[in-house]
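Novice: Pasting in a structure now, in C-alpha cells, and then I'll have a few things to ask.
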Amino acid sequence: MRDPHHILITGASSGIGAAMAFNYAAPGIVLSLHGRNAERLERIAVQARRRGAEVATRVGDVTETQNMAAWIEERNGVQKIDLVVANAGIGVSSSGVEGLAEQTRRVFDVNVNGIFNTIHPALSLMMKRKSGQIAIVSSLAGFRGFAGSSAYAASKAAVRVYGEGLRAEMAPYGIEINVICPGFIKTPMTEANPFRMPFLMSAARASRFVRKGLESNRARIAFPWQMYAGIRLITALPQPLLDVIAKVLPRK
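Right, here's the structure in full:
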C-alpha cells in the first residue's frame with residue numbers, strides 16, 4: 571500500500587516499531603502506537619507529533635486478547651486502519667534446562683499469540699470493507715533453529731509461515747499480507763547479545779527497507795541480502811553438517 575493514512579504499530583516504543591513510527595509520521599497521518607514502556611512510547615509520540623502526525627498511544631501487553639481487540643476496534647472507529655505493523659516481540663536465551671519451559675511459553679505467548687491478537691481483530695474489520703494491509707514482523711532467525719534461541723526462532727518461523735499462508739487467503743478480500751524478516755537490527759533486545767552480529771543495521775535503515783517493501787506489496791521483505799543469502803544456504807546443508815556447525819556457533 572503506497573499511501574496509508576492510519577498506521578497501527580505494536581512494539582512501537584523502541585527498535586523497528588519506533589523507527590516505523592518516525593518513518594511514517596507526517597501531516598495528515600494518524601499513528602496508533604502500542605507498547606509496554608510508557609515513558610519511551612510517549613517520547614516517540616511527541617517526536618512523531620512534531621513531524622505533523624496525529625498520534626494516539628496505548629500502554630499494554632499484546633498478550634491481552636480482549637484489550638487488544640477493543641483498542642483496535644476503538645482506533646478503527648476514529649479512522650479506518652489502513653496498515654497494521656504487528657511488530658511486538660521478545661527474545662530471551664533458552665539455554666539450559668532451568669526455566670526452559672517457562673521461557674518458551676512466554677516467548678510464544680508474545681511472539682505468536684501477540685501477533686494473532688493484533689492481526690485478527692484488524693483482519694475482521696478489513697475483510698468487511700475489502701481493503702487494508704497487514705505486516706507481520708518475523709525474522710531471518712525463523713528459517714532455522716539454533717541452540718540458545720530455539721524458542722525465539724520457532725516463534726518467528728510460526729508467524730512467518732502463518733503470514734505467507736494468509737497472503738493467498740486474504741487476496742480475494744483485497745487485503746495485502748507481508749512478512750518482514752530482518753537480520754540483526756540495533757535495538758535494546760540485540761544489545762544483550764554477547765557476540766558479534768554480522769551486518770548489524772540501524773532501526774532507521776531497517777524501517778526504510780520495510781516501508782519500500784510494503785509500498786510494493788512484497789510477500790517477503792527479507793534483509794540484509796547478505797544475511798538472507800547466508801541463512802538460505804545454511805538451511806540447504808545436510809543435517810550432519812548442521813550439527814557440527816551448531817556446536818561452534820555463539821549462543822545468546
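Residue numbering for the sequence shown follows my numbering, starting at 571 and increasing by one per position.
By construction, the Cβ of each residue, glycine as well, lies at the ideal position given by its N, Cα and C atoms.
Is I685 near A656, with beta carbons less than 8 Å apart?
Specialist: By 1-based counting over the sequence shown, the position of residue 685 is 115. By 1-based counting over the sequence shown, the position of residue 656 is 86. Yes, Cβ-Cβ distance for I685 and A656 is below 8 Å.
Novice: Assuming H604 and R621 are in contact, meaning their beta carbons sit under 8 Å apart, how far apart are those beta carbons, in whole angstroms?
Specialist: Reading the sequence shown from its first residue, position 34 is the one you call residue 604. Reading the sequence shown from its first residue, position 51 is the one you call residue 621. No, H604 and R621 are not in contact; Cβ-Cβ is about 19 Å, not under 8 Å.
Novice: Around the Cβ of S772, are there at least 16 other Cβ atoms within 10 angstroms (buried) or fewer (exposed)?
Specialist: By 1-based counting over the sequence shown, the position of residue 772 is 202. Exposed, by the Cβ-count rule.
Novice: Which partner residues of K569 appear in the DSSP bridge assignment?
Specialist: Within the shown structure, residues of the chain are numbered from 571 to 822, placing residue 569 beyond reach of any answer.
Novice: Is the CB-CB distance between V569 and S708 below 8 Å?
Specialist: Residue 569 lies beyond the range of the chain shown here (571 to 822); nothing can be said about it.
Novice: DSSP beta-bridge partners for A705?
Specialist: In the sequence shown, the residue the question calls residue 705 occupies position 135. DSSP output for A705 lists V655 and N748 as bridge partner(s).
Novice: Measuring alpha carbon to alpha carbon, tell me which residue in N787, G712, A723 and N593 is nearest G744.
Specialist: Mapped onto the sequence shown, residue 744 falls at position 174. If we check each option's Cα against that of G744, N787 comes out closest.
Novice: Output the distance between the C-alpha atoms of M797 and L710, rounded to the nearest integer angstrom.
Specialist: Translated into positions along the sequence shown, residue 797 becomes position 227. Translated into positions along the sequence shown, residue 710 becomes position 140. Roughly 8 Å separates the two Cα atoms.
Novice: Among L811, H690, M571 and E612, whose alpha-carbon lies nearest the alpha-carbon of L736?
Specialist: Taking the first residue of the sequence shown as position 1, residue 736 is located at position 166. Comparing Cα positions, the closest option is H690.
Novice: For R645, tell me which candidate among A596, E624 and R714 has the shortest Cα-Cα distance.
Specialist: For the purposes of this step, residue 645 is identified with residue 75 of the sequence shown, where counting begins at 1. Looking from the CA of R645, the closest CA among A596, E624 and R714 belongs to E624.
Novice: On the criterion of 16 or more Cβ atoms from any shown chain inside 10 Å, does Q703 qualify as buried, or is it exposed?
Specialist: Sequence index remark: in the sequence shown, residue 703 carries index 133 (1-based). Buried: at least 16 other Cβ atoms inside 10 Å.
Novice: Rounding to the nearest angstrom, what Cα-Cα distance links R613 and N607 in this structure?
Specialist: Numbered from 1 along the sequence shown, position 43 holds the residue referred to as residue 613. Numbered from 1 along the sequence shown, position 37 holds the residue referred to as residue 607. Computed Cα separation, rounded: 10 Å.
Novice: Consult DSSP for E672 and reduce its assignment to one of helix, strand or coil.
Specialist: For the purposes of this step, residue 672 is taken as residue 102 along the sequence shown, with counting starting at 1. Helix, per DSSP.
Novice: Could you name the residues that DSSP lists as bridge partners for A626?
Specialist: Stepping through the sequence shown from its first residue, residue 626 is reached at position 56. For A626, which the question treats as bridged, DSSP gives the partners S602.
Novice: Out of T633, G587 and V731, which one is the CA nearest neighbour of R714?
Specialist: In the sequence shown, counting from the first residue as 1, residue 714 sits at position 144. Nearest C-alpha to R714: V731.
Novice: To the nearest angstrom, how far is it from the Cα of I651 to the Cα of N687?
Specialist: By 1-based counting over the sequence shown, the position of residue 651 is 81. By 1-based counting over the sequence shown, the position of residue 687 is 117. Answer to the nearest angstrom: the Cα atoms are 15 Å apart.
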